[in-house]
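Colleague: Structure below; questions to follow.
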Amino acid sequence: MSRSLRTRTRSGGLPDGSFRGAYNGVPVTELNSDHSASINRDLCTDLSGRPISDGNLFIAKTDYHHLDTVSGIYVGNPTWNGTAVGYYPSFIRFGNIGHLDTPGLPTPASAVTTLLARTNPSRPDYVPLSIMQDLVDIPKLLKHAGDLFKSGRRGRLSLRDAANTHLSAQFGWIPLVEDVSNLLHVHQHILDRTAEIERLFSSHGLKRRIRLGRYGFAGLSFPVMESYPILTIATSLSVETKVERWGTVRWRPRNSVPGYHPSHADILRTAAQIVAGITSQATFAGAWDLLPWTFLVDWGTNVKDFVLSNSNTIPADPSSINVMTRAVTTFRPQVLSITPAYRWDPQSYTYTTKERYVGSGVIDAHVPYLDMGRLSILSALFVQRLKR
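With the first letter of the sequence shown counted as 1, position 50 gets the number 1060 in the working numbering; the numbers rise by one all the way through.
Right under this line is the structure:
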C-alpha cells in the first residue's frame, strides 16, 4: 500500500446561544434564532499508508474556550425588546480566521538549509579570519571611544556620533567580546564536538534538535460593528501572530564501513581542527564576513548557510530532516460601546497551526525580517551617511 494524502476534520461548534427580539410584541424573524454555528473546526492533513516514514503534516485548531458571550435583556420602550443568552456576535461566528501575513519568515525549505548548517558535525566554531579582523579593529575602536569621550566632555555629541557609536558596538565591540568569551571556552567546545563525532559513528548516528527562530507580527487593529435596533456593539479587534520554528535531523557517516569507529585520539584531533576553523568552509565563512555589506545579504538570503550545510571535513549525510513550525494568532476584541442593557467581556480566542516539513534545503532569497535590532542598525547607517 503506497502512502497517500488524507485530510480529516472535526467540528466542535460554539455552545448553543440565542438572540431574540420583538417589535410591538411580534417576534422579529431575522433575530429569533439559535446561534450555535459549527465554526470550531479542527483540521489535520497528513500521509497515510506504508512504508511508514516522516511526512509532511498540517494541523489547524480554533479555540474559543476563553471567549465570553453577550448576555442581557433589553426593554427600552414598549416598541422594542430583546434577550441575548450565550450570544456570539456575527463577526465572530462568520468572520475570517487565519494568520497575519508574515513578511521575512523564511520558507521551510530555507529553514532546512539553516538546520543543516547549524548541526553539520563539520561546522566551525571559530573563524580565524573574522577573529583576526576583530583584533585589527581594536585600535580604531579605542580611537573612536576616545573621540567620543572628548566630544562628550565638550557637550558636542551629535546624532551622527550616536549612530557611529551604535554601529561600533554592533560590529566592533560586541563581536570582539563574543570572540574573547568563546576563546576562553575553547577546551569545552572541543570536548562537545568530540562527543558529537562519537555519536556520529555510533549505531544510531548523531541526532540533533535546535531552535530555528521566533517571530512576532502584531499591531493590526480594526473596528468591527454589529447593529440591530435592540443591540449595537462597536468593537476594536486586535490581531497578533507569533511563530516558533525548530528542526530535527540525524547525521550518519558517508560510505562508512559497518562497525568502523575511529580511535578517540583521531576523533579528538579532528574535533580540534574543526572547532579551530582550520577547514575550507571556515575560510569561506571568514572571507564572506570580511566583504562589505554581506551582513545585509545574510538578512535576505542563506548563501552562507548553504555552503556551511555542505561542509564535508567529516563526510556525513543528513537523514530524517524535519522542520516544525507552530503559529498562534490571538484575536482580542475590545468593546468600545454596547447597548447599556447588555454585557460583554469578550477576552480572546486563538487560531493555531502546526506544520511539519520534510524535504531538502535550498538557496533562498526573501524579504528580511526587520526586528528592533536590525531596524536600529539601518537607522544608524542612514544617519551616518547623511550629507552634512
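Note that the Cβ used here is the ideal one computed from N, Cα and C, for glycine as well.
1) Straight-line CA distance for F1294 to G1182?
2) Is it true that the CB of I1331 sits closer than 9 Å to the CB of T1258?
3) What residues in its chain sit with their C-beta under 6 Å from that of C1054, if we drop five residues either side in the sequence?
4) Might you give, ordered along the chain, the residues of its own chain that have their beta carbon closer than 6 Å to the beta carbon of W1256, omitting 5 neighbours on each side?
5) Does the beta-carbon distance from A1281 to R1203 come in below 9 Å?
6) Excluding the 5 residues preceding and the 5 following V1137 in the sequence, name in chain order all residues of the same chain whose CB lies nearer than 6 Å to its CB.
7) In the DSSP assignment, find the unbroken beta strand (DSSP E) run with I1331 in it and report its ends.
8) Out of H1376, P1118, S1231, point me to the one whose CA is closest to T1340's CA.
9) Grab me the residues of L1388's own chain with a C-beta within less than 6 Å of its C-beta, minus the 5 sequence neighbours each way, in chain order.
10) Within 10 Å of its beta-carbon, does V1036 have 16 or more other beta-carbons around it, so buried, or fewer, so exposed?
11) To which residues does DSSP link V1080 through a beta bridge?
12) For S1237, which beta-bridge partners are listed by DSSP?
13) Among the residues of its own chain, which have a CB less than 6 Å from the CB of M1235, if the five just before and after it don't count?
14) Per the DSSP calculation, R1016 is bridged to which residue(s)?
15) Let's see if you can read the secondary structure: which residues bound the beta strand (DSSP E) around R1030?
16) Within a Cβ cutoff of 6 Å, which residues of the same chain sit near D1056, ignoring the five residues on either side of it in sequence?
17) When you compare only the Cα positions, how much space is there between V1122 and Q1198?
18) Leaving out the 5 sequence neighbours to the left and right, which residues in its chain are closer than 8 Å to R1384 when beta-carbon positions are compared?
19) Just reading off the beta strand (DSSP E) that I1107 is part of, what are its end residues?
20) Does the distance from the C-beta atom of T1093 to that of N1034 stay below 9 Å?
21) Under 9 Å, do A1127 and D1315 count as touching if we go by C-beta distance?
22) Quick check: D1052 and S1028, are their CB atoms within less than 9 Å of each other?
23) Given that a residue counts as buried once 16 or more other Cβ atoms are within 10 Å of its Cβ, and exposed if not, what is T1242?
24) Give me the residue from V1190, N1192, L1139, I1240 with the minimum Cα distance to I1083.
25) F1211 by DSSP, collapsed to three states: which one?
Modeller: Result, derived from the coordinates:
1) 20 Å
2) yes
3) R1018, I1069
4) So the list reads R1221, L1222, M1334, once near-sequence residues are dropped.
5) yes
6) In the same chain as V1137, and ignoring 5 residues on each side of it, the C-beta atoms closer than 6 Å to its own belong to G1287, A1292, A1295, G1296, in chain order.
7) 1326-1348
8) S1231
9) none
10) exposed
11) Y1097
12) T1242
13) A1244
14) D1056
15) 1028-1033
16) L1067
17) Across the structure, V1122 and Q1198 are spaced so that their CA atoms are roughly 27 Å apart.
18) W1309, P1378
19) I1107 -> no beta strand (DSSP E), and no H or E assigned at all.
20) Not in contact: T1093 and N1034 (Cβ atoms no closer than 9 Å).
21) yes
22) no
23) exposed
24) That would be I1240, whose Cα lies nearest to the Cα of I1083.
25) coil
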